[in-house]
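Peer 1:
Residue numbers (the numbering used here): 8 to 338.
Here it is in structure tokens:
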């Protein structure tokens with residue numbers, strides 16, 4: 008098996024070249040070509056199994072171990088459900104599923120071959136595994152994004168279905184990032200030296216998919232403000248895109264929070280980027296066309312007639328009628 012490494016250190020680290028090799032090989036067979044979710048799951052499952060085997064070595068704290076097992080188990084089950092995995096494989100996919108999966112066994116095992124000292128293998132398997140799972144799912148998200156953009160304004164009902172499934176995937180990837188906040192503090196700081204020089208922000212597919220989601224509302228061929236104000240037929244499509252953009256930016260916010268809480272907010276990342284600078288990216292990601300229009304709508308529907316001026320703690324305040332009614336006896 009000849010794998011050509013790229014000039015992107017992060018993508019070599021998560022073994023994206025190996026992932027693409029596996030994808031291309033399995034896609035040559037009908038069962039995997041017509042069920043691309045199985046390609047994702049073949050790579051996903053081998054990494055998950057490796058991570059689970061190392062949980063007991065990763066921590067001696069029984070509470071933390073149970074936390075890993077429960078949360079990670081939930082993520083694995085949810086992703087399998089999202090990808091519509093049929094557990095009775097032979098009934099649904101036939102004997103060829105097992106045959107071609109067996110033939111790719113060696114290639115799949117390269118995904119969990121980590122060249123690192125034994126002392127750091129448990130945390131490497133966990134930390135690197137999380138990033139590999141994210142990268143694997145990005146392969147799928149990118150292909151689904153192609154469908155979303157192609158069908159926009161043509162079959163908006165199907166577009167919404169695709170968007171909400173992608174949102175479910177983002178939700179699980181965010182939970183994966185959250186798991187990394189639980190790593191042993193000293194062990195992780197020592198391990199950071201091993202992964203110095205690159206970061207998850209160098210994932211090409213992550214940058215591409217987040218930009219495409221950010222710009223997705225530019226594909227809309229109708230007036231967004233008018234549709235929202237008049238409860239038009241495409242209002243639900245706008246809502247789905249807004250939620251899609253929310254989870255995409257939430258992933259980056261989680262990344263910022265993770266970096267700040269595990270390293271100290273005054274620190275720098277493994278690529279020497281000040282952690283505080285990550286907030287600039289978060290702010291930029293929220294500046295979408297829909298977001299701007301929502302601000303304009305909030306100005307249009309502003310209604311001072313449902314607000315009350317009160318004195319509280321010797322200070323004047325203006326509050327909405329619902330807040331006023333719930334504490335009327337104080338005024």
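Note that the Cβ used here is the ideal one computed from N, Cα and C, for glycine as well.
Keeping to the same chain, check which residues put their C-beta closer than 6 Å to that of residue 43; ignore five residues upstream and five downstream.
Peer 2: none
Peer 1: For residue 83, collect the residues of the same chain with a Cβ closer than 6 Å to its Cβ; drop the 5 residues on either side in sequence, then sort them by chain order.
Peer 2: 55
Peer 1: Tell me the rounded alpha-carbon separation between residue 66 and residue 251.
Peer 2: Their Cα atoms are separated by approximately 35 Å.
Peer 1: Is the number of C-beta pairs between the stretch 272 to 292 and the stretch 201 to 218 that are closer than 8 Å three or more?
Peer 2: Three or more beta-carbon pairs separated by less than 8 Å link the stretch 272 to 292 to the stretch 201 to 218, which places the two stretches in contact.
Peer 1: Per DSSP, which residues does residue 319 bridge with? Please list them.
Peer 2: 322
Peer 1: Quick check on the DSSP output: what are the complete alpha helix (DSSP H) runs of length 4 or more inside the stretch 83 to 150, in order along the chain?
Peer 2: The DSSP assignment places 96 to 100, 102 to 110 and 112 to 116 as complete runs of the alpha helix (DSSP H) inside the stretch 83 to 150, in order along the chain (cut-off: 4 residues).
Peer 1: Between the beta-carbon of residue 223 and the beta-carbon of residue 248, is there less than 7 Å?
Peer 2: yes
Peer 1: For residue 34, tell me which candidate among 20, 21 and 49 has the shortest Cα-Cα distance.
Peer 2: 49
Peer 1: DSSP puts residue 281 in a beta bridge; with which residues?
Peer 2: 275
Peer 1: Could you tell me the alpha carbon to alpha carbon distance between residue 2 and residue 326, rounded to whole angstroms?
Peer 2: The first residue shown for the chain is 8 and the last is 338, placing residue 2 beyond what the model contains.
Peer 1: With C-beta atoms as the reference, is residue 87 less than 7 Å away from residue 38?
Peer 2: Contact: no.
Peer 1: In the DSSP assignment, what are the bridge partners of residue 327?
Peer 2: 314
Peer 1: If residue 22 and residue 118 are in contact, beta carbons under 8 Å, what's the gap, nearest whole angstrom?
Peer 2: About 5 Å; that satisfies the 8 Å criterion.
Peer 1: Classify residue 267 as helix, strand or coil using the three-state DSSP reduction.
Peer 2: helix
Peer 1: My output table needs one value for residue 352: the three-state DSSP class, helix, strand or coil.
Peer 2: One cannot answer for residue 352 here, as it falls past the ends of the chain, which runs 8 to 338.
Peer 1: What is the rounded straight-line gap between the Cα of residue 46 and the Cα of residue 106?
Peer 2: 14 Å
Peer 1: First and last residue of the alpha helix (DSSP H) that includes residue 200?
Peer 2: No alpha helix (DSSP H) holds residue 200; DSSP gives it neither H nor E.
Peer 1: Is residue 273 buried or exposed, if buried means 16 or more other CB atoms sit within 10 Å of its CB?
Peer 2: Burial check for residue 273: the Cβ neighbour count within 10 Å stays below 16, so the residue is exposed.
Peer 1: Take residue 220 as the anchor and find which of 256, 196 and 229 has the nearest alpha-carbon.
Peer 2: The shortest C-alpha separation from residue 220 is found at 256.
Peer 1: Count the CB pairs spanning the stretch 161 to 177 and the stretch 56 to 76 that are closer than 8 Å, and state whether there are at least three.
Peer 2: no
Peer 1: Given a cut-off of 7 Å on the beta-carbon distance, is the pair residue 317 and residue 328 in contact?
Peer 2: no
Peer 1: Can you look up residue 226 in the DSSP assignment and give me helix, strand or coil?
Peer 2: helix
Peer 1: Just verifying my parser: in three-state terms, what is the DSSP assignment at residue 238?
Peer 2: coil
Peer 1: Rounded to whole angstroms, how far is the Cβ of residue 181 from the Cβ of residue 261, which I believe are closer than 8 Å?
Peer 2: 5 Å
Peer 1: Relative to the alpha-carbon of residue 139, which residue among 322, 213, 161 and 194 has its alpha-carbon at the smallest distance?
Peer 2: 213
Peer 1: Using a threshold of 7 Å, state whether the C-beta atoms of residue 241 and residue 226 are closer than that.
Peer 2: Cβ distance not < 7 Å, so residue 241 and residue 226 don't count as in contact.
Peer 1: For residue 201, I'd like the list of residues in its chain whose CB is within less than 7 Å of its CB, leaving aside the five on either flank, ordered along the chain.
Peer 2: 123 and 127
Peer 1: Give the secondary structure of residue 28 by DSSP, where H, G and I count as helix, E and B as strand, and everything else as coil.
Peer 2: helix
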